[in-house]
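Engineer: Going by my numbering, the first residue of the sequence shown is number 443, and it counts up by one from there.
Quick one: structure below, then a few questions.
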Amino acid sequence: MTCKSSAYVTLNQAEGVFARLLDHAREHDVVLEQTGPKDFKIVVGSGFIAIGTDGLGLILNVSAESVSILYFLKEAAALHLAEYNAEVAEALHWEDESTRPLNLKAPPSFHELSVVSVSEPMDGLIRLRLSGTDDLSGLAGPGIHVKLMLPINPERTPVWPQASRNGLTKWPKGADELHVRYYTIKFIDLTAGVLDIDIVRHDGGLIADWAVAAKPGAKIGLLGPGGGETPDKAKRVLLCGDKTALPALARMLEELPDNVAGDVVAEAADLDCLTHYLPSTHLTLHVLPEDRFRSDVEQYSESLTVNKKPDFAWFAGEHQNAQSMRRFFKSDLGLSKGQQYAITYWRDGGPLEAN
Ligand SMILES: Cc1cc2nc3c(=O)[nH]c(=O)nc-3n(C[C@H](O)[C@H](O)[C@H](O)COP(=O)(O)OP(=O)(O)OC[C@H]3O[C@@H](n4cnc5c(N)ncnc54)[C@H](O)[C@@H]3O)c2cc1C
Numbered sequence: 443m444t445c446k447s448s449a450y451v452t453l454n455q456a457e458g459v460f461a462r463l464l465d466h467a468r469e470h471d472v473v474l475e476q477t478g479p480k481d482f483k484i485v486v487g488s489g490f491i492a493i494g495t496d497g498l499g500l501i502l503n504v505s506a507e508s509v510s511i512l513y514f515l516k517e518a519a520a521l522h523l524a525e526y527n528a529e530v531a532e533a534l535h536w537e538d539e540s541t542r543p544l545n546l547k548a549p550p551s552f553h554e555l556s557v558v559s560v561s562e563p564m565d566g567l568i569r570l571r572l573s574g575t576d577d578l579s580g581l582a583g584p585g586i587h588v589k590l591m592l593p594i595n596p597e598r599t600p601v602w603p604q605a606s607r608n609g610l611t612k613w614p615k616g617a618d619e620l621h622v623r624y625y626t627i628k629f630i631d632l633t634a635g636v637l638d639i640d641i642v643r644h645d646g647g648l649i650a651d652w653a654v655a656a657k658p659g660a661k662i663g664l665l666g667p668g669g670g671e672t673p674d675k676a677k678r679v680l681l682c683g684d685k686t687a688l689p690a691l692a693r694m695l696e697e698l699p700d701n702v703a704g705d706v707v708a709e710a711a712d713l714d715c716l717t718h719y720l721p722s723t724h725l726t727l728h729v730l731p732e733d734r735f736r737s738d739v740e741q742y743s744e745s746l747t748v749n750k751k752p753d754f755a756w757f758a759g760e761h762q763n764a765q766s767m768r769r770f771f772k773s774d775l776g777l778s779k780g781q782q783y784a785i786t787y788w789r790d791g792g793p794l795e796a797n
């Protein structure tokens, strides 16, 4: 299914804003296509955000594989525009190419879910099995990542986010403010109406602490899914991640064609644990334990790739690691945009907010 939406916004100095948006896109690690002197496209999976100008305003077109990803892309476009002119972003009015009227109450991809059960598939990883009362079919993808949210004040009855015509999600403020973080759907069974999210146990995390204490029936908000990287056309891959990345690694391995070779470098206590957690794979699994992963992952990956250069490399984990792995992927492995992703999943000593 292709979902489309467009917006036009009148602007003073539209060409100047257009040029700044183009520069901004060039600075980011995005797949950018300059489609003409006055339009460009940011390609996201099989969708895109296209931005153009007619000199009097900006023309925005967004296309995505699902309603959920369309929502993410419209919001991303509106947020970038808001960086230049908040008033103009507020005034945006998206027209969806769909017969379905926009539901302006909840974002189309929002679900309130309840905990069905809690287990520990690996030391330090809490598995929440969740279910909901509404239609969960959109959660099967495309996209594997979601935003989980809880009230910052656990005493409050949750007030969930609302959608608006300009694409910017209205988040509750003040006493009802939400704590929002990205997670990955590890498993979904639409027939049974359940999904699993595996949450790393760590000190001082609102969601991590909540997961550790969660009892059946406890409620959590979810927005998504979106995102997830696939090694299109790769013959040899290098996939690395700490514990937060294990669910995403598992999902990538499930989709990997049989003719792709390569290595997985992951944080786990031992090879048995990792083999048990991940789907069966013909890639070679390498384990770095918790006390070595962050210090050794780059060097370990270098040693694996001296004679066997991958044509796709992926890392997810702590911010400093992500930065050094990105340098390694680009400079040492010579991989370009779309061939390499080094993604910050969390930041040591600080939050990585998702709203
Ligand atoms: C696309 C994406 C997908 C993700 N998927 C998953 C997933 O499937 N499972 C998962 O567990 N995480 C996943 N993460 C990471 C998760 O969003 C962060 O770890 C998040 O900060 C946890 O939220 P929290 O409320 O528990 O802690 P926060 O309130 O965000 O953080 C509190 C403190 O804990 C520290 N902290 C945060 N995460 C960790 C950690 N992992 N280890 C040690 N200290 C930490 C922070 O530095 C901060 O000081 C993903 C992140 C992204 C961007």
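Glycine is no exception: its CB is placed at the ideal position from the N, C-alpha and C atoms.
Quick caveat: nothing in here was measured; it's all calculated off a predicted structure.
By the 10 Å Cβ neighbour count, where 16 or more other Cβ atoms means buried, how is residue 477 classified, buried or exposed?
Structural biologist: exposed
Engineer: Can you check which of these residues, 754, 531 and 444, is closest to residue 488 by C-alpha distance?
Structural biologist: 444
Engineer: Out of 792, 532 and 567, state which residue places its alpha-carbon closest to the alpha-carbon of residue 760.
Structural biologist: 792
Engineer: Write down the C-beta distance between residue 587 and residue 699 rounded to the nearest angstrom, noting that I regard them as a contact closer than 8 Å.
Structural biologist: With 8 Å as the limit, residue 587 and residue 699 do not qualify as a contact, their Cβ atoms being about 22 Å apart.
Engineer: Who are the Cβ neighbours of residue 551 in its own chain at under 7 Å, not counting the five residues just before and after it?
Structural biologist: These residues qualify, in order along the chain: 509, 510, 513, 580, 665 and 666.
Engineer: Which value, in whole angstroms, describes the spacing of the CA atoms of residue 661 and residue 671?
Structural biologist: 29 Å
Engineer: Could you check how far apart the C-beta atoms of residue 680 and residue 755 are, in whole angstroms? I think they sit under 8 Å.
Structural biologist: 4 Å
Engineer: So, under 8 Å CB-CB, residue 658 and residue 557 are touching, yes? Tell me the CB distance rounded to an integer number of Å.
Structural biologist: 5 Å
Engineer: What's the gap between the Cα of residue 710 and the Cα of residue 473?
Structural biologist: 32 Å
Engineer: Taking its Cβ as the centre, do 16 or more other Cβ atoms sit within 10 Å of residue 750, making it buried, or is it exposed?
Structural biologist: When all chains shown are included, residue 750 counts as exposed.
Engineer: Could you tell me whether the stretch 608-625 touches the stretch 530-538, using the rule of 3 or more Cβ pairs below 8 Å?
Structural biologist: Contact between the stretch 608-625 and the stretch 530-538 is established, with three or more Cβ pairs separated by less than 8 Å.
Engineer: Which same chain residues, not among the five before or five after residue 779, have their C-beta less than 6 Å away from its C-beta?
Structural biologist: Counting only Cβ-Cβ distances below 6 Å, and skipping sequence neighbours, we find 473.
Engineer: Return helix, strand or coil for residue 759, following the three-state DSSP convention.
Structural biologist: strand
Engineer: Whole angstroms is fine: what's the gap from residue 713's alpha carbon to residue 727's?
Structural biologist: 8 Å
Engineer: With which residues is residue 729 paired in a DSSP beta bridge?
Structural biologist: 708
Engineer: If we ignore side chains and look at the alpha-carbon of each, how far apart do residue 453 and residue 782 end up?
Structural biologist: 36 Å
Engineer: Any chance the stretch 566-577 sits against the stretch 634-653, with 3 or more Cβ pairs inside 8 Å?
Structural biologist: yes
Engineer: Would you call the stretch 700-709 and the stretch 613-630 touching, i.e. three or more CB-CB distances under 8 Å?
Structural biologist: no
Engineer: Going by Cα to Cα distance, which pick from 593, 669 and 493 is closest to residue 626?
Structural biologist: 669
Engineer: Compute every distance between the C-beta of residue 583 and the non-hydrogen atoms of ligand 1, then say whether any falls below 6 Å.
Structural biologist: no
Engineer: With 16 as the cutoff for other CB atoms within 10 Å, does residue 517 come out buried or exposed?
Structural biologist: Buried, since its Cβ has 16 or more Cβ neighbours within 10 Å.
Engineer: In three-state terms, what does DSSP make of residue 468?
Structural biologist: helix
Engineer: Count the other C-beta atoms from every protein chain shown that fall within 10 angstroms of the C-beta of residue 748, then say buried if there are 16 or more, exposed otherwise.
Structural biologist: By the 10 Å Cβ count, residue 748 comes out exposed.
Engineer: Is the closest heavy atom of ligand 1 to the C-beta of residue 641 under 6 Å?
Structural biologist: yes
Engineer: Whole angstroms is fine: what's the gap from residue 554's alpha carbon to residue 775's?
Structural biologist: Taking the straight line from one Cα to the other gives about 43 Å.
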